[in-house]
Structures are given as C-alpha cells and as structure tokens.
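*Asks:* Quick mapping for you: the protein sequence lines, in order, are chains X and V.
With UniProt numbering applied, the first sequence corresponds to residues 1 to 528, in that order.
With UniProt numbering applied, the second sequence corresponds to residues 1 to 528, in that order.
Don't be surprised by glycine CBs; every beta carbon is placed ideally from N, CA and C.
Note that the structure is a prediction, hence the values are computed from the model and not measured.
Let me begin by handing over the structure; questions about it come next.
There are 2 protein chains.
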Amino acid sequence: MNIWVVLLSVLFVLVEGVVSKKAGGGGGVNIWPMPVSVSYGHQSVFMSKDFKLKTEGSNYKDASCILKDGFSRFLDVVSLAHVIEGDFSKFNASTILQGLNVVISSQDDELQYGVDESYKLLVPSPQNPALAHLEAKTVYGALHGLQTFSQLCQFNFSSRVIEVSKTPWTITDQPRFSFRGLLIDTSRHYQPLPTLKKVIDSMAYAKLNVFHWHIVDTQSFPLEIPSYPKLWDGAYSIQERYTVADAAEIICSETRINVLAELDVPGHALSWGRGYPSLWPSKDCQQPLDVSNEFSFKVIDGILSDFSKIFKFKFVHLGGDEVDTSCWKLTPHVSKWLEKRGMNETQAYEYFVLRAQKIALSHGYEIVNWEETFNNFGDKLNPKTVVHNWLGGGVAQKVVAAGLRCIVSNQDKWYLDHLDALWPDFYMNEPLTNITDPKQQKLVIGGEVCMWGETVDTSDIEQTIWPRAAAAAERLWTPYDNLAKDPVKVIGRLTNFRCLLNRRGVAAAPLIGLGRSAPVEPGSCYAQ
Amino acid sequence: MNIWVVLLSVLFVLVEGVVSKKAGGGGGVNIWPMPVSVSYGHQSVFMSKDFKLKTEGSNYKDASCILKDGFSRFLDVVSLAHVIEGDFSKFNASTILQGLNVVISSQDDELQYGVDESYKLLVPSPQNPALAHLEAKTVYGALHGLQTFSQLCQFNFSSRVIEVSKTPWTITDQPRFSFRGLLIDTSRHYQPLPTLKKVIDSMAYAKLNVFHWHIVDTQSFPLEIPSYPKLWDGAYSIQERYTVADAAEIICSETRINVLAELDVPGHALSWGRGYPSLWPSKDCQQPLDVSNEFSFKVIDGILSDFSKIFKFKFVHLGGDEVDTSCWKLTPHVSKWLEKRGMNETQAYEYFVLRAQKIALSHGYEIVNWEETFNNFGDKLNPKTVVHNWLGGGVAQKVVAAGLRCIVSNQDKWYLDHLDALWPDFYMNEPLTNITDPKQQKLVIGGEVCMWGETVDTSDIEQTIWPRAAAAAERLWTPYDNLAKDPVKVIGRLTNFRCLLNRRGVAAAPLIGLGRSAPVEPGSCYAQ
C-alpha cells in the first residue's frame with residue numbers, strides 16, 4: 001500500500017509544473033466528480049454582482065425554499081475566497097451573466113432513495129446568453145447542477161469578479177449509483193452539531209447523497225429517545241447528547257441529504273444498559289443485548305417508532321455485525337432460554353436479527369444489515385434487506401447472486417479510519433467487480449465510505465474524510481467509461497478539488513501521504 | 001518534555017470522573033482565560049428566546065455596528081450546539097433574562113494598541129434582574145465581556161433553553177499584557193480567506209488581540225502590492241493570492257482584532273525576486289535582498305507605503321531574523337560595494353535593518369524586529385523598536401534592561417509548530433521571568449504564539465493552534481496571582497474550553513498527546 005505514498009510524491013514532483021499552471025483555471029475540465037458528458041469552448045463570461053435566480057418555464061413551486069436556499073449557498077461558496085470588487089461598467093455587456101434560469105419539471109420534492117438526480121447545465125443559455133440555464137427533473141437534480149456550476153466559477157484576479165471561462169459549457173449528468181454514502185460514528189466520539197452540519201455541507205460538494213448516521217454503539221448513546229428516555233444515560237456526558245430537535249435539524253439541514261439512521265443490534269449495544277441494566281444479560285455480559293428478554297425487543301420497537309417520526313428515509317440500518325454471542329451461553333438465564341428453545345447461539349443471533357427486521361418493517365422501513373447477517377443466514381433475511389458489505393471484496397457478487405441488494409464498503413478500500421488506505425485505493429475500488437449480469441448489477445445500489453470514530457473528533461474529522469471520500473464519490477457518481485483506469489490521471493483534478501475544499505474552509509488533507517497526513521513541507525496546495 | 005504526555009494520560013484517568021461531572025456545568029468556574037475577579041451564587045436564569053441588546057446609559061454610539069455585530073455573534077455562538085425549543089410560558093418569569101444592557105463610557109472606537117480592554121459583568125443586574133449588565137470603558141472591553149458571558153451560557157437539556165447557572169455573577173476583568181498575539185504564516189502555505197477569518201474568530205474566544213500576519217517569506221509572496229505589482233509573481237499560483245481588498249477584509253473582519261503586518265527583511269525574501277530579479281544579488285544569491293541596490297529600499301518604501309493605507313496598527317514588523325549574509329560577500333558587485341564603504345557583512349546587515357526602520361518610521365509606524373537585530377546591534381536600534389524574542393529564554397530580561405520594549409515568543413515554549421511543546425509548556429512560560437523592576441516589567445508588552453506554516457495548511461491549522469494557544473492566552477491575560485502554579489490544576493477548565501471550541505466548530509485537538517495529535521481512543525471530549 002505504502003508504495004503509493006512514495007509513488008505519489010515522485011509524481012507530484014514530475015507534474016507539479018502542470019498542476020500549478022492548471023490551478024489558475026487553465027487546460028482541462030476541473031469538475032469533480034466528472035459528469036456524464038461535458039463540452040466547452042474558449043470564451044469567458046463574468047457573473048454580475050447582482051446574479052439572480054430565475055425559474056421561467058419551471059413547474060416547481062419551491063414552497064420549502066429548497067432551490068432558493070441552494071442558490072443562496074451557491075452564491076456564498078463562489079464568493080467566499082476573495083472580495084468581489086470589479087467595476088462592471090468597464091465590462092462588455094455581452095460578457096456579463098445576469099443570472100441562472102432553473103427549469104424543473106417535477107413539482108414533487110420529497111427527498112427519498114431513488115429520486116431522479118439528473119440535470120443539464122448550459123452556460124450561457126443558447127436562447128438567452130445573458131443567463132445560464134439549468135434543467136432537471138427534480139429539485140435534487142438541480143442542486144447537483146448548482147454544485148457543478150459552482151466548480152466552473154473562479155475568481156478572476158484581473159477583473160476582480162467571478163469568471164466562468166471556457167464557455168459555452170454543455171453538461172449533462174446523472175449518477176451511476178443511487179446510493180452514495182458517508183458513515184459518521186457519533187458513539188466513539190460525540191460530534192457536535194456544527195461539526196456534523198459542516199460535514200454534510202461538504203458531502204454535497206462531492207455529490208454524496210446519504211449520511212449514514214451510526215448513532216449509538218458500545219461506548220455511548222448520545223441520542224434522545226422519548227419512548228425510553230433513560231437510554232440517554234448512556235451518553236458520555238450531559239453536554240455530549242443530541243435532542244430529537246437536534247436530530248431533526250441535521251436531517252433538515254439546508255443541504256438536503258438522505259439520513260440513514262443505524263441501530264446496531266444485538267452487538268455494539270453496551271451503552272443501552274447504562275439506563276436500562278436489564279438489557280444486559282448480566283453485569284459480566286453487557287452485550288449483545290439479552291436475546292431472552294422481551295424487553296430488548298420492546299425497546300427496539302420503541303426506538304424504531306421514535307425513529308420513524310424523524311428519519312423519513314426508506315431504509316433503516318439494523319447493524320448486526322461483530323456479534324460475539326459467547327457470553328450469552330455463559331449467562332445462566334440466557335443459556336437456559338436457549339436450551340428450552342433448542343437453539344444454539346448462532347441460531348439465537350439469527351432469531352434476534354430477523355425479529356428486529358420484522359419490527360423495522362412494521363414501522364415502514366426497508367432494512368440495511370451488515371454482511372455478517374448475510375454470511376450466516378442470508379437465505380433467511382427479508383427480501384427487503386440491503387446487505388452492507390464491509391469485511392472485504394467479493395461479497396457483493398454473492399449477495400446479488402442471491403437476489404438481494406448490496407451496498408459496498410469493503411474496509412480495505414473504503415474505511416476512512418484505515419489511514420493506510422490511500423485515495424488511489426478509494427478511487428479504484430469498483431463496486432461491480434466480477435458482476436456482469438445487468439440484472440445483478442442493478443442490485444448493487446451503491447457504496448459508502450465509513451468514518452468510524454475511534455480516533456476522530458471535531459479536531460480531525462474533516463481531514464480524515466477528505467480528499468479520500470471524494471475519490472470514492474467519483475467512483476460512485478461517474479459513468480464507468482468516464483472513470484480513469486489509472487488514478488495517476490486524476491491527480492491534477494483531484495488536487496484541484498481538494499484546494500477548492502480548502503478555499504471553502506473545509507480541512508481536506510494533502511493528497512500525498514497517509515490519511516489525514518499534515519503537509520510534509522512548504523508548497524502550493526496544487527502540488528501537495 | 002514527553003514526560004507530560006505520559007503524565008497527562010495518567011492524570012486524565014485519575015480526574016476523569018471529576019472532569020466529566022463538571023462538563024455539565026457543575027462545580028468550579030469554567031471561564032477561560034480566568035478573569036481578575038469572579039464571584040458567583042447558586043441560582044439559575046434562562047435566556048429569553050428574544051434576548052435583546054440594550055444600551056441604556058451608554059455614551060457609545062456604535063456607528064460602525066461593532067457592538068451590534070459582537071452581540072449578534074454572541075447570540076450565534078451560544079445557540080450553535082443545540083436547537084433551542086423551550087416553552088417559556090412554563091418558566092417562572094423572574095428567572096428569565098430578557099436581555100443585556102451594555103454601558104460603554106468612551107465614544108471612541110479606534111482599535112489600537114493599548115486600548116482599554118477592561119469590563120465588568122453582572123448577571124443579572126442588581127438594579128434590574130431581568131437584564132444582565134455589562135460595563136466597559138471601550139467597546140473592545142465590552143467585546144471581551146461578551147466572550148466571558150458566552151462562556152457562562154450553556155444549553156440546559158431539561159428546559160431546552162440557554163441557562164446561566166450559579167447566578168448572581170460578578171466579574172471584573174482586564175488583561176495583564178496589552179499585546180497577546182498569534183502569528184500566522186501565509187508564505188510557506190497559502191491560507192485561504194475563510195481559514196484566516198475562522199482563526200481570527202477563534203482568537204477572540206481566548207481574548208487574544210493581535211493577529212501577527214507573517215505575509216511573505218522565502219517561499220511565496222501572496223499579497224498584492226499596488227506599488228510593485230510584480231511582487232505578486234512570487235505567489236505559489238494564480239489562485240493562492242490575496243488582493244488588497246482581501247487584506248482589508250481580514251483587518252475589518254467582524255471579530256475586530258489588531259493586525260500586525262510583517263515584512264521580513266533582508267533575509268526571508270527570496271520570493272520578492274521572482275517578479276523583480278534585480279532584488280536578488282545574483283541568480284546564485286537570491287537572498288538576503290541586495291543591500292547594495294537602492295531599488296531594494298525603494299521597494300520596501302513602496303510596500304510600507306501600501307501597508308500604511310490598510311494596516312492601521314501602530315506597529316509594523318520588519319523581521320530581521322536569520323540573515324545569512326555569506327552570499328553577499330560572494331557576489332562581486334555587492335562585495336565591491338561593501339569594500340567601498342568599509343563595511344563587513346554584519347555592518348551591512350545592521351545598515352539594512354536600520355534603513356528599513358527609518359522607512360517604516362517615515363510611514364508613521366513603530367517597529368517590531370526579531371531578536372537577532374537586538375543581539376547584534378541592540379544599541380543602534382531606534383528607541384521605538386519592540387524586540388521580538390524567539391530564540392530562547394532570558395532575552396526579554398536583556399532587552400528591557402537596555403530600555404527597549406519586548407514581545408516574548410521563545411520557540412521552545414511558544415512555537416506552535418514545535419509539536420513537542422505541550423500545553424503545560426505553553427501555560428507555564430512566564431514572560432516576566434527574572435524581571436523584577438516594575439519599570440522594566442512594563443516594557444514587556446506581551447507575547448505571541450507562532451504558527452509557522454511549513455507543515456500547516458487549511459487541513460491542520462486549527463488543531464495545531466488549539467488548545468495550546470489557549471494555554472498561552474491565559475498566561476497573557478490573567479493576573480499573575482490568579483494563574484495556576486501547577487498546570488495540572490487547570491486540566492479540567494482547559495479541557496472544558498477545548499470542548500467549547502469543538503462545540504463552536506473549531507477543530508481544537510485533545511489535551512493528551514503532542515500538538516495536533518488525534519484522539520488515541522474512544523472517549524468523552526471531557527476526558528481527552
């Protein structure tokens with residue numbers, strides 16, 4: 001793996017000149033992730049100081065201000081890095097872009113899995129060159145179009161305004177996979193609200209669309225559960241907690257993104273017992289949750305009932321990984337219960353997971369489970385299960401052959417806490433490896449990079465996520481044929497994206513080095 | 001040094017219970033830096049949803065909205081971490097704080113070195129218990145009072161509103177030193193505007209008051225200089241530049257803070273010659289600046305003239321450190337020039353520094369110079385010089401004995417890029433060591449922690465600065481008698497401050513470990 005560290009350092013020396021020149025907006029298409037199709041010219045237009053949103057010909061009413069807020073964020077990010085002070089009276093009027101016309105055909109703006117995310121962007125509009133033109137089926141496609149547009153905008157140091165060079169641009173785009181996730185773990189370390197909101201904002205820059213919230217685990221239970229308020233006793237401290245209103249704030253954060261809430265059962269649940277000790281099989285066996293106790297399932301039902309009021313995503317994640325059942329057998333009352341039912345521990349694990357699945361289904365959710373559930377009793381899983389791969393490669397192949405859906409997160413390539421997994425590893429990890437049947441390919445709904453929280457708090461979360469998550473984001477968004485077959489080919493463009501993140505105040509780390517490495521020496525952002 | 005790493009880890013285990021309990025707002029005064037005097041009671045008040053700024057009895061007009069903006073930032077930071085959703089109809093009216101009355105006696109709001117920074121804060125006001133009361137000589141004292149007030153505010157998870165517990169509070173406060181700085185180096189790495197603005201915001205949280213901008217150095221020249229526009233050619237890339245308007249934006253950032261601009265001459269100036277090669281003695285000798293060339297001084301004059309239009313701080317920093325004059329002698333025309341004037345290189349270095357000082361004085365500045373200038377020709381320095389210590393301890397003592405003013409930044413304790421200088425080192429570094437004469441003590445105007453940029457960009461600047469800079473900030477603000485004599489005594493309070501920074505979205509690193517270390521394992525913020 002570490003050969004990449006050496007190799008990339010050498011490559012940067014070789015390509016430094018090229019990359020640095022490009023930094024100013026020179027040759028090449030600097031859009032990340034790369035769209036389906038892009039064409040451009042050799043003109044320039046400049047954004048008016050009074051750049052306006054128009055919606056002529058659009059069917060969409062924007063009652064919840066999703067488009068309006070998205071446009072306002074667009075204006076913010078393109079003008080963050082420098083003071084815009086150009087004198088527009090000196091410009092040739094024909095080079096000034098007065099605004100953006102957004103045409104959305106669908107009136108529906110429910111954010112849900114599988115929503116149409118396609119868009120088409122023309123800068124300027126051939127019909128009206130004073131405007132840029134963005135069209136999309138849904139407002140969510142339009143939001144992606146705004147992200148792409150923001151990457152075409154660059155401060156021009158001569159005119160002191162925002163320039164879009166290489167016009168006319170014609171970009172059509174849509175994602176390859178419908179599920180493009182980032183997992184954040186708020187149990188190993190509590191992540192304050194501003195931290196989570198900033199990460200969610202930055203996800204949109206890379207067109208990731210699912211925030212997988214690994215809310216609770218062994219170490220702490222930070223989220224308020226009105227049905228079982230003492231679960232909150234499992235928080236690290238009084239301050240390190242989320243109210244229901246805080247959770248709603250994350251879900252309804254301005255950057256609209258799907259939130260996949262996780263309840264990792266029956267393992268990874270020790271913290272539940274701090275408030276309700278009867279969930280522990282015994283003082284010496286504090287997880288997995290007590291399979292023999294009806295209260296365990298009552299609490300799961302209560303939590304999922306509360307979840308269903310705020311987490312409106314089609315899926316809920318029920319975990320099911322790393323279940324070490326050995327202490328069940330060592331606990332007399334659990335052991336007796338197993339005996340009575342003629343179950344061994346593996347069967348009890350299966351019983352637990354399937355019963356939790358039924359509870360989730362009863363609350364209207366489809367289910368995501370970590371791959372161990374499939375590996376152990378795949379044929380028993382509810383057909384609405386999406387299997388979440390993590391242990392290694394080759395799992396998706398088996399899952400889709402069994403007719404189930406799959407999300408890819410193999411830890412050797414897509415776990416962000418693996419600091420020795422470098423961005424080329426993230427970039428080259430192909431979810432459809434060895435899956436050739438188009439029907440089976442469709443069952444791989446996407447993938448997810450995972451930011452486990454053992455060594456990650458507000459102080460280092462952003463640089464551990466970026467730029468590596470961006471490398472995976474292109475793999476998940478861009479058509480296979482447009483992806484680089486050799487990651488060296490995208491160094492310049494990915495470097496540009498990381499510098500763009502930095503200009504937007506996101507602490508994306510250098511490309512050289514292990515995950516979250518500090519820059520090793522002085523130098524331009526475009527050469528590190 | 002590393003004994004601290006071990007010791008602190010052990011201490012955290014020992015005090016963890018205590019610290020975690022305190023985290024909720026329990027015992028102790030959790031204000032950082034510690035004020036001059038604090039008294040408190042055992043009541044609680046709750047901030048009204050419609051908490052208002054009042055200025056009854058104040059002489060200050062706030063024409064530039066300094067107070068109004070500060071109050072608005074105060075409201076933002078106290079409500080960032082959780083959604084405020086309390087039902088005020090359920091509260092006892094006498095426990096609701098309706099607003100803050102700010103009484104400022106001076107109408108003048110010029111931000112300058114030595115401005116009165118004292119304040120007095122009463123929560124609630126004895127005269128009108130529905131209000132808190134803040135009085136100050138100047139608006140800058142009032143801004144500090146707002147920072148202190150913000151640290152008394154904490155989200156209450158029962159009532160879901162902001163609580164100020166332990167009222168009534170009576171706090172009187174003023175800084176021990178008038179110069180409390182943080183150096184940021186934008187030459188080794190370009191730091192984008194949002195990065196700089198966020199760091200400046202966070203400085204105010206710790207009551208630091210001087211942003212020392214080490215703008216240019218050997219590696220790059222990012223700032224626009226209208227008088228000599230080609231100096232900008234020394235930037236790393238087109239995008240990695242600041243316009244004059246960008247600089248003005250930093251200076252006038254909402255968090256009003258003094259900006260000490262540095263022009264480090266004659267060494268550390270290689271990048272100047274990219275645009276004006278004649279500033280280089282030769283192709284093989286690219287720094288120090290050519291002492292024999294009048295153009296060198298013309299350019300310095302031009303830069304300082306441009307500086308004086310935007311950098312209104314009383315002082316400008318002229319560098320003067322690490323001047324390796326050896327290649328002057330090896331350059332024939334410089335060598336000839338030296339010979340003609342009967343100067344050796346050390347005399348030429350002195351000649352350069354003193355001439356630069358005169359230019360700065362002619363533009364109305366007093367001067368800061370790094371300590372080598374004092375060490376080499378201290379008796380020749382203009383009496384308006386402030387000597388900036390960095391090489392080690394014991395320098396301030398000599399400087400003030402010579403009647404000059406001094407700023408302390410000894411690298412072994414106050415250089416943030418020294419990752420093995422831990423927060424207890426920062427905390428215990430006493431600027432007045434061995435200076436007993438009160439007259440001489442007054443000549444130590446303060447100190448500065450230095451964030452040299454060799455391995456620091458947007459990805460790691462915040463966690464390299466915090467929490468260590470906070471430890472120095474208390475040393476510089478708090479009266480000597482209130483400072484802990486043993487840093488172990490402040491672990492709980494400093495931990496609380498670092499968690500407060502995290503809650504405000506500032507990437508402050510754990511207290512355990514070397515500078516900018518990641519958390520080593522899962523755990524509460526209050527135990528790391």
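Check whether the region 308 to 316 of chain X touches the region 355 to 367 of chain X, counting contact only when three or more Cβ pairs, one atom from each stretch, lie closer than 8 Å.
*Replies:* In short, these stretches touch, since the Cβ pair count reaches three.
*Asks:* Using three-state DSSP, classify V/V353 as helix, strand or coil.
*Replies:* In the structure shown, V/V353 sits in a helix (DSSP, three-state: H, G or I).
*Asks:* Any C-beta of chain X within less than 8 Å: which residues of the region 84 to 103 of chain V qualify?
*Replies:* Under the 8 Å Cβ criterion, the region 84 to 103 of chain V contributes E85.
*Asks:* Taking a cut of 7 Å between CB atoms, which residues from the region 246 to 266 of chain V lie near chain X?
*Replies:* Listed by position, the residues of the region 246 to 266 of chain V near chain X (Cβ gap below 7 Å) are D246 and E249.
*Asks:* I'd like to know if the region 475 to 495 of chain X and the region 384 to 395 of chain X are in contact, where contact means that at least 3 CB-CB pairs between them fall below 8 Å.
*Replies:* Short answer: they don't touch.
*Asks:* So that I know if they touch, is there some Cβ in chain V lying closer than 7 Å to that of X/P383?
*Replies:* Chain V contact via Cβ: absent.
*Asks:* Hey, how far is the Cα of X/V164 from the Cα of X/F46?
*Replies:* Distance between the alpha carbons of X/V164 and X/F46 is about 6 Å.
*Asks:* Looking at chain X, which residues of the region 451 to 470 of chain V have a Cβ within less than 9 Å of any of its Cβ atoms?
*Replies:* Those would be G453, E454, T455, V456, D457, T458, S459, D460, I461, E462, Q463, T464 and W466, in chain order.
*Asks:* By DSSP, does X/M34 sit in helix, in strand, or in coil?
*Replies:* Reduced to three states, the DSSP call for X/M34 is coil.
*Asks:* What residue ranges within the region 202 to 285 of chain X form continuous beta strand (DSSP E) runs of no fewer than 3 residues, ordered along the chain?
*Replies:* As far as the region 202 to 285 of chain X is concerned, its whole beta strand (DSSP E) runs of at least 3 residues are 210 to 214 and 258 to 262.
*Asks:* Anything in chain V within Cβ reach of X/R188, meaning under 7 Å, just list it in chain order.
*Replies:* Here the neighbours are P522.
*Asks:* Just reading off the alpha helix (DSSP H) that V/G492 is part of, what are its end residues?
*Replies:* Its alpha helix (DSSP H) spans residues I491 to R503.
*Asks:* Between the region 152 to 175 of chain V and chain X, which residues of the former have CB atoms less than 8 Å from a CB of the latter, in chain order?
*Replies:* Per Cβ criterion, the list reads Q154, F155, F157 and R160.
*Asks:* Please list, in chain order, the chain V residues whose beta carbon lies closer than 7 Å to that of X/C327.
*Replies:* Correct list: empty, because the minimum Cβ distance to chain V is about 20 Å.
*Asks:* Between the region 182 to 190 of chain V and the region 482 to 502 of chain V, do at least 3 Cβ pairs fall closer than 8 Å?
*Replies:* No: fewer than three Cβ pairs fall under 8 Å.
*Asks:* DSSP three-state call for X/K22: helix, strand or coil?
*Replies:* With a pLDDT of 42 at X/K22, under the threshold of 50, the modelled position of that residue is not reliable, and the figure given next carries that caveat. Correct three-state label for X/K22: helix.
*Asks:* Quick check on DSSP: helix, strand or coil for X/I300?
*Replies:* In the structure shown, X/I300 sits in a helix (DSSP, three-state: H, G or I).
*Asks:* Between the C-alpha atoms of X/L330 and X/Q151, what's the straight-line distance to the nearest angstrom?
*Replies:* So the alpha carbons of these two residues sit roughly 58 Å apart.
*Asks:* Could you have a look at V/F71 and say whether DSSP puts it in helix, strand or coil?
*Replies:* DSSP places V/F71 in helix when its eight states are reduced to three.
*Asks:* Can you name, in chain order, every residue of its own chain whose Cβ lies under 7 Å from the Cβ of X/H333, other than the five neighbours on each side?
*Replies:* Closer than 7 Å at the Cβ level, and outside the excluded window around X/H333, lie S292.
*Asks:* Mind checking if X/Y526 is an interface residue toward chain V, Cβ cutoff 7 Å exclusive?
*Replies:* Yes, X/Y526 counts as interfacial toward chain V.
*Asks:* 7 Å is my cut-off, CB to CB: does X/N389 come that close to chain V?
*Replies:* It does not: the Cβ of X/N389 has no partner Cβ on chain V nearer than 7 Å.
*Asks:* Where do the ends of the alpha helix (DSSP H) carrying X/M428 lie?
*Replies:* Unbroken alpha helix (DSSP H) run through X/M428: W423 to M428.
*Asks:* Quick one: Cα of X/P126 to Cα of X/E56, how far?
*Replies:* Their backbone Cα atoms lie some 15 Å apart in a straight line.
*Asks:* Three or more C-beta pairs closer than 8 Å, one from the region 456 to 467 of chain V and one from the region 159 to 177 of chain V: is that the case here?
*Replies:* Counting Cβ pairs under 8 Å, fewer than three are found: no touch.
*Asks:* How about V/T195 and V/T458: do their beta carbons lie closer than 7 Å?
*Replies:* In this structure, V/T458 lies closer than 7 Å to V/T195 by Cβ.
*Asks:* On the DSSP letters alone, give me the boundaries of the alpha helix (DSSP H) that residue 548 of chain V sits inside.
*Replies:* Since the displayed chain V opens at 1 and closes at 528, residue 548 of chain V lies outside it and no answer follows.
*Asks:* Go ahead and label X/A261 buried or exposed: buried means 16 or more other beta carbons lie within 10 angstroms of its beta carbon, across all protein chains shown.
*Replies:* Its Cβ being crowded by 16 or more others within 10 Å, X/A261 is buried.
*Asks:* Kindly list the residues whose CB is nearer than 6 Å to the CB of X/S39, restricted to its own chain and excluding five residues on each side of it in sequence; keep chain order.
*Replies:* Result list for X/S39: T170, in chain order.
*Asks:* Please list the terminal residues of the continuous beta strand (DSSP E) segment that includes X/L182.
*Replies:* From DSSP, the beta strand (DSSP E) with X/L182 extends over F179 to D185.
*Asks:* Give the straight-line distance between the Cα atoms of X/V77 and X/I162, rounded to the nearest whole angstrom.
*Replies:* Approximately 11 Å between the Cα atoms of the pair.
*Asks:* Mapping DSSP to helix, strand and coil, what is V/A473?
*Replies:* Correct three-state label for V/A473: helix.
*Asks:* The beta strand (DSSP E) that contains X/C406, what's its start and end?
*Replies:* First-last of the beta strand (DSSP E) with X/C406: R405 to V408.
*Asks:* Work out the CA separation of X/E110 and V/F157 for me, nearest whole Å.
*Replies:* For V/F157 and X/E110, the distance between alpha carbons rounds to 31 Å.
*Asks:* Roughly how far, in whole angstroms, is the beta-carbon of V/A360 from the beta-carbon of V/L416, given that I think they are within contact range, below 8 Å?
*Replies:* At roughly 27 Å, the Cβ-Cβ gap does not stay under 8 Å, so V/A360 and V/L416 are not in contact.
*Asks:* Secondary structure at X/Q191, three-state DSSP: helix, strand or coil?
*Replies:* The answer is coil: DSSP assigns X/Q191 none of H, G, I, E or B.
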